[in-house]
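Enquirer: Sharing a structure with you now.
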Amino acid sequence: MRWDNLVEKNSTAGNSALFAADAVTTRTFDTPEFRGITFHEIRARSILNRVPGASRMPFEWTVNPYRGCTHACVYCFARKTHSYLDLDTGTGFDSQIVVKVNAAELLQRELASRHWRGEHVAMGTNVDCYQRAEGRYRLMPGIIGALRDRANPFSILTKGTLILRDLELLRQAAEVAEVGVSVSVGFTDRELWRTVEPGTPSPGRRLDAVHTLTQAGIGCSVLMAPVVPFLGDSPEQLRATVSAIAAAGAVSVTPLVLHLRPGAREWYLRWLGLHHPHLVERYERMYGDGAYAPTWYQRRITRQVHELADEFGIGPAHRGEGRRIGRTPAAAPEPGPTQLTLL
Ligand code: SF4
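The sequence shown finishes on residue 343 if you use my numbering, and the numbering steps up by one all the way, no holes.
What follows is the structure, encoded as structure tokens:
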């Protein structure tokens, strides 16, 4: 494994190695939840990371306490980042998890720096900060606490229902700063969920989490991602999904069609060949050599979802109505196709 390759080029600490190569502790846990998963615990040298090309994105700074993700979504485009460690981007990404065990103390220190200007911090933009590992390592309470104590605005995008564990902390943070929470639910089809997002809580459980968050006064939006061509995009499926999102009380819904970057593309097409071989040719035609579905297709899906959102009362006219507390905004920054892993 090439730990020396892990260099945080855009951190607040400058171009320094993310951690010392001799500071890696590798662990496994013999519990059913973590069987087959290897954790590589590191003491990172910096935690606030500036997003390259941030001018195109709605946020400039991120915090990512983990690398790799046990949620194991087949289409996850963060897979490519595992290759920088000489780790496998397929099952390796799902089962070799890097844990920055000192994330919270580092963040406290970096937020207190005289160079820090209190900008928005986005989490869940690379891998899921509420993946299963968080149940054991409990890094997020310290991270949210550090942001709360500095009244620093932040947003979280997740598929992990574990976020509810930190509900009280989120409420406290929302009293003093802008806090956005988004949950990702691309479809409600259980068969599709079981095979394409095998490590995640079910879409129903995620929507229950949306409901709990909104009931608690935390405005929660839904990133309807990914909309999966030919498997999750029929009018009936879109209707069922938007209807369920509305019933959960989401303040907004943003559709995003599946995109397949290198790393994710190969893994996804392999999965497609195993589970839906009759679709491989259609995908090859639709995506060609690129990462994105054609514009006409993306526009069609967006229009359909927006119409449904209006019908169910979560269209733009309804966004942000009466589900906020403190200075909480309605939603995390609207994601674009370039900055998210389709959490
Ligand atoms: S898409 Fe998100 S939840 Fe799924 S594996 Fe990637 S980082 Fe994890």
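No residue lacks a Cβ here, since even glycine has one placed at the ideal position from N, Cα and C.
What first and last residue would you give for the alpha helix (DSSP H) that runs through Gln215?
Expert: Pro203 to Gln215
Enquirer: Nearest to Leu258 by CA position, among His275, His278, Met286 and Ala247, is which residue?
Expert: When only C-alpha atoms are compared, the closest one is Met286.
Enquirer: Return helix, strand or coil for Val354, following the three-state DSSP convention.
Expert: As shown, the chain starts at 1 and ends at 343. That puts residue 354 outside it, with no answer to give.
Enquirer: To which residues of the same chain is Pro203 closer than 6 Å at the C-beta, ignoring the five residues directly before and after it?
Expert: Contacts found: Val185, Thr188 and Trp193.
Enquirer: Quick check on the DSSP output: the alpha helix (DSSP H) that includes Glu105 runs from which residue to which?
Expert: Ala103 to Leu111
Enquirer: With 16 other CB atoms within 10 Å as the buried threshold, where does Val181 fall?
Expert: Flag for Val181 reads buried.
Enquirer: Would Ile42 pass as a contact of Ile97 if the rule is Cβ separation under 8 Å?
Expert: no
Enquirer: Ignore the nearest five residues each way along the sequence and tell me which others in Glu321's own chain have a CB closer than 7 Å to its CB.
Expert: The predicted model places Glu321 with a pLDDT of 42, which falls under 50 and marks its position as unreliable; any figure quoted below should be read in that light. Contacts found: none.
Enquirer: Taking DSSP as the reference, what is the three-state secondary structure of Lys80?
Expert: helix
Enquirer: In angstroms with no decimal places, state the Cα-to-Cα distance between Cys220 and Leu111.
Expert: 25 Å
Enquirer: Output the boundary residues of the alpha helix (DSSP H) element that contains Leu274.
Expert: Ala264 to His275
Enquirer: Determine the direct distance from the alpha carbon of Lys100 to that of Tyr130, and round the result to whole angstroms.
Expert: 14 Å
Enquirer: So is Glu284 buried or exposed if we call it buried at 16+ other beta carbons inside 10 Å?
Expert: exposed
Enquirer: State yes or no: is the C-beta of Val127 within less than 8 Å of the C-beta of Trp271?
Expert: No, the Cβ-Cβ distance between Val127 and Trp271 is not below 8 Å.
Enquirer: Going by alpha carbons, who is nearest to Leu162 out of Thr295, Val176 and Arg138?
Expert: The shortest Cα separation from Leu162 among Thr295, Val176 and Arg138 belongs to Arg138.
Enquirer: Beta carbon of Cys73: closer than 7 Å to some heavy atom of ligand 1?
Expert: yes
Enquirer: Excluding the 5 residues preceding and the 5 following His120 in the sequence, name in chain order all residues of the same chain whose CB lies nearer than 6 Å to its CB.
Expert: So the list reads Phe59 and Pro153, once near-sequence residues are dropped.
Enquirer: Please classify Trp61 as buried or exposed, where buried requires at least 16 other C-beta atoms within 10 Å of its C-beta.
Expert: buried
Enquirer: Please classify Gln131: does DSSP put it in a helix, a strand, or coil?
Expert: coil
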